[in-house]
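First the structure, in the form of structure tokens, and then the observations on it.
Numbering (the working numbering), first residue to last: 8 to 172.
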């Protein structure tokens, strides 16, 4: 039997040349063996790393370089790196009246632009717990929730007007 067409096979694209495994390792992390470093060397390295990367907190260091963070934590050297303290002042809720706590919560919500319960809980869990325990959380959110309900009713009326035309 005779072939009418020349048989062609599709060209298989050539695979890219694979780089050796050593080339794919990040060069700034190669050769770092924490156990061979003294405490002073490790702290010095961490300070330089934090400064170069613009890291301001322990969590950021952990995200940027978990191995370095772990080495510092195991040796109890994290405090020597020089992060700013972010601890809040302890507040004495028991000495505050309900009205003072509500005023404090409203002020915080205005400053931070908080519009909902979940946002307040994320921003200041302690304040949220106190509002909830004292059963005064509705005083803080009642005006906001009433405004939202009024807006929803207005939208329904506007939609009914549009539908009635």
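All residues carry an ideal CB built from backbone N, CA and C; glycine is no exception.
> Where does residue 77 land, buried or exposed, given buried means 16+ other C-beta within 10 angstroms?
Replying inline: exposed
> Is it true that the segment 82 to 90 meets the segment 99 to 119, where meeting means three or more beta-carbon pairs spaced less than 8 Å apart?
Replying inline: no
>> Among the candidates 132, 121 and 79, whose CA atom is the shortest distance from the CA of residue 47?
In response: 79
> Are three or more beta carbon pairs between the segment 137 to 155 and the segment 108 to 125 nearer than 8 Å?
Replying inline: yes
> Would a C-beta distance cut-off of 8 Å place residue 65 and residue 85 closer than the cut-off?
Replying inline: yes
> Is the beta carbon of residue 44 sitting closer than 8 Å to the one on residue 56?
Replying inline: no
>> Using only the alpha-carbon positions, how far apart do residue 128 and residue 160 sit?
In response: 28 Å
>> Suppose only complete runs of 3+ residues qualify. What are the beta strand (DSSP E) ranges in the segment 92 to 119, listed by chain order?
In response: none
> In chain order, what residues of the same chain have a beta carbon less than 8 Å from the beta carbon of residue 82, not counting five sequence neighbours either side?
Replying inline: 46 and 49
> residue 83 by DSSP, collapsed to three states: which one?
Replying inline: coil
> Taking the C-alpha atoms as reference points, what is the distance between residue 137 and residue 100?
Replying inline: Straight across, the Cα-Cα distance linking residue 137 with residue 100 is about 7 Å.
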